[in-house]
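Comments concern the structure below.
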Amino acid sequence: MALRRAITKRLIDGYKCVRPSNTKILRHYMTSSNLTDPITAIRIESVSPPRSEEATAVTGLSVSETKKLLRMYQMEKVKARLREIPKNSVSYWEFVQICCETCGNNDEQGSQMAQSLDHAGSVVVLGDIVFLHPHQIAMSMAAMIHQTSALPNDPRKEELAQLETTKKCIDIRARRIVQAELYCGLGLLAAQTVGFMRLTFWELSWDVMEPICFFVTSLHFLLGYYFFLRTSTEPSFEGFYQQRFNTKQKKLMESHGFDFLRYTELNSLFTPLACKSEVSTV
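So, in structure tokens, the structure goes:
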């Protein structure tokens with residue numbers, strides 16, 4: 029009898045959770061006077077209390093889903109707070125403080141929220157700096173890659189070809205001007221030599237022309253030394269020619285509106301192995 033009362037009490041406790049299909053079996057067992065009646069027809073899971081997951085599925089969301097929605101709400105709240113900041117970047121400490129304030133001043137949740145935003149790509153953390161607008165960084169990187177990469181049908185090749193044609197014309201004209209100046213210098217030296225010869229042998233004597241030649245030679249040396257101080261170039265014929273060529277080239281580029289920086293950029297992009305001497309320094 030004690031065994032029967034214990035089993036009956038257990039069945040009564042779980043009676044409310046029993047499915048309707050098993051109600052007749054319970055009533056038959058409780059009203060039966062034979063203890064040897066088989067009870068194998070009663071399934072244990074049918075009389076046990078419902079599981080928590082089933083109960084939450086019936087009444088609403090599960091605990092994990094609720095936590096997930098709460099985390100999404102907090103994340104969107106942090107994003108809205110970051111969009112209100114006028115600056116493009118903040119320190120990592122300020123970023124964590126904003127996350128902690130949104131999470132109810134919970135340091136642990138704030139740190140986790142900061143890491144989640146970083147992993148999700150909502151912000152970009154580089155060292156102690158947090159960039160609040162990743163799309164701007166992506167656009168800058170795309171523009172940089174586009175500027176530093178050459179494509180087979182890149183329209184900038186045509187621009188480089190036009191600049192090279194203009195530069196060739198400028199170089200040819202500058203070279204002609206410098207050569208004309210050098211020929212004029214040659215004429216002046218020749219005229220000076222002829223004049224000194226006439227003064228020495230016909231007009232005056234060597235006793236008079238000797239100090240004059242000395243001072244003229246000293247004047248030429250002073251002019252060469254002054255040229256070296258102004259240009260930091262060796263006072264030679266080649267150095268003088270190159271310096272005059274660069275000066276004329278720069279003036280012609282300014283008069284023709286030639287963008288030398290753009291030409292250098294495109295030339296280094298499409299001909300990275302070209303010798304630096306091919307591009308004159310302006």
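Residues 29 to 310, numbered by our numbering, are exactly what the sequence shown covers, in order.
Don't be surprised by glycine CBs; every beta carbon is placed ideally from N, CA and C.
As the structure is a prediction and not an experimental result, all values here were calculated from the model.
Look up Phe396 in the DSSP assignment and say whether it is helix, strand or coil.
This structure cannot speak to residue 396, because the chain is shown only from 29 to 310.
State the CB to CB distance for the pair Phe273 and Pro263, rounded to an integer number of angstroms; the pair is presumed to be in contact (CB under 8 Å).
Not quite, the Cβ-Cβ distance comes to about 16 Å (not below 8 Å), so this is no contact.
Put Val151 into one of helix, strand or coil per three-state DSSP.
coil
Euclidean distance between Cα positions of Leu160 and Cys197:
49 Å
Check whether Val206 and Lys276 have beta carbons under 8 Å apart:
yes
Using three-state DSSP, classify Ser119 as helix, strand or coil.
strand
Excluding five sequence neighbours on each side, which residues of the same chain lie with their C-beta closer than 6 Å to the C-beta of Gln137?
Cys131
What is the C-beta distance between Val124 and Ser139, in whole angstroms, given that I count them as a contact (C-beta under 8 Å)?
6 Å
Reference Gly252, options Val222, Glu266, Ile240, closest by Cα
Glu266
Ile113 (DSSP reduced to helix, strand or coil):
coil
Please state the DSSP three-state secondary structure of Tyr291.
helix
Do you know how far the Cα of Leu227 is from the Cα of Ser233?
7 Å
Cβ pair Ser117, Val158 closer than 8 Å
yes
So the alpha helix (DSSP H) Ser260 belongs to, where does it begin and stop?
Taken as a continuous stretch (DSSP letters only), Ser260 belongs to no alpha helix (DSSP H), as it is neither H nor E.
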